[in-house]
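Working notes, structure below.
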């Protein structure tokens, strides 16, 4: 597979059921239209909601990144976009049901794997310029107490010391996972795949 | 309990769960096929036939309740799903409805309200 291929459903590993019959392209168009007129089939689908939120964050950031790419490189490299979109598609899939264990009789509580991936991706809000590609759970998340290791691919902005950025990202993820799951997380492994050059905000005319 | 009573219970549960702090919405329980069927019913103008978002089923020794919720990221899935469970349990108990299972699944977390 050529990494410069235009992202499509096949490349993204996206099946119709991942987005309740919708495509990433349709969701992108819907977002572009300001989510108007409201489409209940999209708004009431958790997979579509997860994908829409991630696409919105990507849309806010990508013009700056692409502009910086155009200045820094002879040919824009869209492979990072493809990796991010691939991760978004994976998030949209509800995946396994992860049990939430609480000391309450007859309580069968859980959270979908897709929802957990979505909230991990939402740490992008706390770290401007950071984009999360794919996240992977190593370990059986369906078994309470089972050790689980999380692996993330990320793209980071140029100029930020990576060790500090990765520590902050790991902290944000840890906070969210404690609030939303009872997973026994043993480690969060973060691999920086891209360093993106962002425009200097002091040079921008606002 | 008849199917009609079951549907009425599901509708009441839906209303009660929407009131739980931290819940932002409900999602349909079930796979793509049932969702497609619902969409088809809407296209055909059969919106009245659209089933409640809460699934209430009969079991051998009682009823089972399944629900998929969206939550506010600040509220936390652990606490919010526990409160939803308590709400369903209390409503069923108040009506003397025996149940065998109450399954609550968080399907979406809205992180947009979190201030970092």
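Protein chains in written order, with this note's numbering: chain A, 1 to 206; chain B, 1001 to 1116. Glycine included, each C-beta is placed from N, C-alpha and C at the ideal position. Bear in mind the structure is a predicted one, so any value in this text is a computation, not a measurement.
Let me know the secondary structure DSSP gives residue 1070 of chain B once reduced to three states.
Three-state DSSP puts residue 1070 of chain B in a strand.
Are the segment 1083 to 1103 of chain B and the segment 117 to 127 of chain A in contact at 8 Å, needing three or more beta carbon pairs?
no
If contact means a Cβ-Cβ distance below 7 Å, which residues of the segment 116 to 138 of chain A contact chain B?
118, 119, 122, 125 and 126
Give the single residue among A:43, A:185, A:166 and A:39 whose Cα lies nearest to the Cα of residue 142 of chain A.
A:185
With 16 other CB atoms within 10 Å as the buried threshold, where does residue 190 of chain A fall?
buried
Which of helix, strand or coil DSSP assigns to residue 115 of chain A
helix
Please go through the segment 117 to 161 of chain A and give each complete beta strand (DSSP E) segment of 3 or more residues, from N-terminal end onward.
Runs of the beta strand (DSSP E) inside the segment 117 to 161 of chain A: 131 to 138 and 147 to 157.
Just the Cα atoms here: how many angstroms apart are residue 149 of chain A and residue 129 of chain A?
25 Å
Counting beta carbon pairs with one atom in the segment 1071 to 1084 of chain B and one in the segment 150 to 170 of chain A, are three or more of them shorter than 8 Å?
no
Taking all protein chains shown into account, do 16 or more other C-beta atoms lie within 10 angstroms of the C-beta of residue 1077 of chain B, making it buried, or fewer, making it exposed?
buried
When we look at the beta-carbon of residue 208 of chain A and count the other beta-carbons within 10 Å, is it buried (16 or more) or exposed?
This structure leaves residue 208 of chain A out entirely; chain A is present only between 1 and 206.
Run down chain A in chain order and give the residues with a C-beta less than 7 Å from the C-beta of residue 1111 of chain B.
119, 122 and 125
Proximity below 8 Å, CB of residue 1065 of chain B to CB of residue 1102 of chain B:
yes
Can you tell me which residues form a DSSP beta bridge with residue 195 of chain A?
Beta-bridge pairing links residue 195 of chain A to A:156.
Top-ranked residue by Cα proximity to residue 1072 of chain B, from B:1085, B:1105, B:1057 and B:1111
B:1111
Outcome for residue 38 of chain A when other beta-carbon atoms lying within 10 angstroms are tallied against a minimum of 16:
exposed
Answer with buried or exposed for residue 147 of chain A, where buried requires no fewer than 16 other C-beta atoms within 10 angstroms of its C-beta.
exposed
Residue 58 of chain A, DSSP secondary structure in three states:
helix
Contacting residues, own chain, Cβ-Cβ under 7 Å from residue 1016 of chain B (five flanking each side not counted):
1087 and 1091
Just verifying my parser: in three-state terms, what is the DSSP assignment at residue 1075 of chain B?
coil
What does residue 107 of chain A pair with, by DSSP beta-bridge criteria?
B:1102
Segment limits, alpha helix (DSSP H) that includes residue 1011 of chain B:
1003 to 1018
What would DSSP say about residue 207 of chain A, mapped onto helix, strand or coil?
For chain A, the structure presents residues 1 to 206; residue 207 of chain A sits outside this window and is missing.
Output the boundary residues of the beta strand (DSSP E) element that contains residue 1026 of chain B.
1023 to 1027
Are residue 1067 of chain B and residue 1009 of chain B touching if we call contact CB-CB under 8 Å?
It is not a contact, given that the beta carbons lie outside the stated cut-off.
Listed from N- to C-terminal order along the chain, which residues in the segment 42 to 59 of chain A have their beta-carbon within a distance smaller than 8 Å of any beta-carbon of chain B?
44, 45, 46, 49, 50 and 53
Can you tell which of A:40, A:25, A:167 and A:20 has the C-alpha that lies nearest to the C-alpha of residue 127 of chain A?
The option with the nearest alpha carbon to residue 127 of chain A is A:167.
Going by alpha carbons, who is nearest to residue 180 of chain A out of A:162, A:159 and A:109?
The shortest C-alpha separation from residue 180 of chain A is found at A:109.
Same chain, Cβ closer than 8 Å to residue 27 of chain A, neighbours up to 5 away in sequence not counted:
19, 42, 48, 51, 52 and 55
Please check if any C-beta of chain B sits within less than 8 Å of the C-beta of residue 190 of chain A.
Taking 8 Å as the CB threshold, residue 190 of chain A stays off the interface with chain B.
Residue 33 of chain A, DSSP secondary structure in three states:
coil
Residue 1107 of chain B beta carbon less than 8 Å from that of residue 135 of chain A:
no
Three-state class that DSSP yields for residue 20 of chain A in the structure shown
coil
If you compare alpha carbons, which of A:145, A:139, A:156 and A:90 is closest to residue 100 of chain A?
A:145
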